[in-house]
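For the sequence shown, my numbering gives the first residue as 56, with consecutive numbering after it. A virtual CB, placed ideally from N, CA and C, is assigned to each residue, including glycine.
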Amino acid sequence: MKRQLALIDFALGGLRRRLGKSLALTVGLAFVIALFGAALLLTDALRAEYARGTGGMPDLTVQRLVAGRPALIDVSVSEEIAALPAVRRVTPRVWGYYFFVALEANVTVVGATEAHVLEDGRLPTEDGEVTVGASIADLLGLRVGDEIGIPVQGEVQFSEVVGVFGEDAAIRTADLIVATPTHARRLLGMPEGSATDLAIDLTTQDEASVLTERIGALVPGARVLDARLLERTYELTFDTRGGLLALLFLPALAAFLLLAWERLTGLGRDERREIGVLKAVGWGTGDVLAARMWESAIVAVFGATLGGVLAYVYVFWLDAPGLLDALLGWSALRPPMRLVPSFDPVQAFALLASVVIPFVAISVVPAWRASMIDPDQALRGGE
């Protein structure tokens, strides 16, 4: 233990003697760790946010396709499906997209009465009332009690704003206009007795595959979506986008490792003389290599720590400007959201291993080559 402490003390002294190079390598390592760490932290935080918002997802979702495109489904079909074994509840859902000219963006109109996180007001209980997302309220300057006019088939449908969704649910409600099902049909131009899709809750998820076949026989052109498959699809989406971001940063990693190789393999005259002195006073090759590895390890620890702190601040304090747009894809209706810290320890370890281990490893080669030189020759600055 005393020997290792002595080697660490010597390594710290060596870093102080070569302060400029040590700082350059530390900053470079911190920059690379911050780039990859920000991508990982952001992806994990969004994945956790998605997981918190999918608790109420129905076990099965039934859509009707016409010519390969989603079409309206008759509400009466829900009674036939509800009679099937293992079906606990069937809920016709009314929702759709409306291009809001004033926003130059699509908003999602939903007919719902379930509770959500509201910043102000309440959910609509009567026709002619709506609750809007925080982004819509901010861009249009809406408050509870205001009226909003929505042109529908040549007529303007006026609705009273009775609530505004809070920022806690912004990732799911930023572009929402929630109304009663009847009023939502009116805003979307849907006929009475129709629904966008059917949400099915099962008594047991194990019956999903069997029910999918039976529903397909009941509803011509039906497409049945399993919640478990949707969850895997979203997981793959997050993994793909996060992986693409990390892939874009690979040139930075390669450039840093090349810089580190050039810096660490090009031992200067003073460093060779230092190794010669150590060999002359009795240090073995293993001691020299251990001291160099401790130097690289100290730089790696400080650089990785600094990079991790920078990534955390960038993602969770500054809301990841630039990267968040790439992962979410919002434009005009960017949600005002605060990400909750979440990360995967396995991915963090893999990141550190992929950067720190090569960095420490390349420092051993020049030290080993120099330590094999005769001490007298090294003191004279020879190769």
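Measure how close the beta-carbons of residue 270 and residue 136 come, nearest whole angstrom, since I'm counting them as under 8 Å. Residue 270 sits at position 215 when you count from the first residue of the sequence shown. Residue 136 sits at position 81 when you count from the first residue of the sequence shown. Confirmed, about 6 Å.
Using the three-state DSSP reduction, which class does residue 247 fall into: helix, strand or coil? Counting from one through the sequence shown, the residue named residue 247 turns up at place 192. Residue state, collapsed to three classes: coil.
Measure the C-alpha to C-alpha separation of residue 70 and residue 378 and round it to an integer number of angstroms. By one-based count along the sequence shown, residue 70 stands at place 15. By one-based count along the sequence shown, residue 378 stands at place 323. Rounded to whole angstroms, residue 70 to residue 378 spans 35 Å at the Cα level.
Whole-angstrom distance between residue 407 and residue 64, CA atom to CA atom: The count along the sequence shown starts at 1 and reaches residue 64 at position 9. The count along the sequence shown starts at 1 and reaches residue 407 at position 352. When rounded, the distance between both Cα atoms is 24 Å.
Going by Cα to Cα distance, which pick from 356, 395, 333, 212 is closest to residue 373? Numbered from 1 along the sequence shown, position 318 holds the residue referred to as residue 373. Residue 373 has its Cα closest to that of 395, out of 356, 395, 333, 212.
Count the CB pairs spanning the region 142-160 and the region 248-257 that are closer than 8 Å, and state whether there are at least three. yes
Cβ pair residue 187, residue 200 closer than 8 Å: One-based indexing of the sequence shown puts residue 187 at position 132. One-based indexing of the sequence shown puts residue 200 at position 145. Not in contact: residue 187 and residue 200 (Cβ atoms no closer than 8 Å).
When the distance is taken between beta carbons, is residue 80 closer than 8 Å to residue 354? If you number the sequence shown from 1, residue 354 lands on position 299. If you number the sequence shown from 1, residue 80 lands on position 25. Contact flag set, yes.
Would you mind working out which of 241, 100, 213, 229 sits nearest residue 219, comparing C-alpha positions? Position 164 of the sequence shown holds residue 219. Comparing Cα-Cα distances from residue 219 to each of 241, 100, 213, 229, the minimum goes to 229.
Outcome for residue 74 when other beta-carbon atoms lying within 10 angstroms are tallied against a minimum of 16: Translated into the one-based positions of the sequence shown, residue 74 becomes position 19. Exposed: under 16 other Cβ atoms inside 10 Å.
Straight-line gap, residue 134 to residue 95 (C-alpha atoms, nearest Å): Counting from 1 along the sequence shown, the entry for residue 134 is found at position 79. Counting from 1 along the sequence shown, the entry for residue 95 is found at position 40. Distance between the alpha carbons of residue 134 and residue 95 is about 46 Å.
List the endpoints of the continuous beta strand (DSSP E) containing residue 280. Looking up residue 280 in the sequence shown gives position 225. Looking at the DSSP string, the run of the beta strand (DSSP E) that includes residue 280 is 277-281.
Quick check: what's the CA-CA separation for residue 198 versus residue 192? Locating residue 198 in the sequence shown gives position 143, counting from the first residue. Locating residue 192 in the sequence shown gives position 137, counting from the first residue. Roughly 7 Å between the two C-alpha positions.
Within the continuous alpha helix (DSSP H) that includes residue 402, where are the two ends? Sequence index remark: in the sequence shown, residue 402 carries index 347 (1-based). Note, residue 402: alpha helix (DSSP H), 400-417.
Tell me the DSSP secondary structure of residue 332 in three-state form. For the purposes of this step, residue 332 is taken as residue 277 along the sequence shown, with counting starting at 1. Residue state, collapsed to three classes: helix.
Kindly indicate the opening and closing residues of the alpha helix (DSSP H) around residue 214. Position 159 of the sequence shown, counted from the start, is the residue given in the question as residue 214. Run containing residue 214: none in the alpha helix (DSSP H); it sits in the beta strand (DSSP E), 210-220.
In angstroms, rounded to a whole number, what distance separates the CA positions of residue 417 and residue 410? Indexing the sequence shown from 1 puts residue 417 at position 362. Indexing the sequence shown from 1 puts residue 410 at position 355. Answer to the nearest angstrom: the Cα atoms are 11 Å apart.
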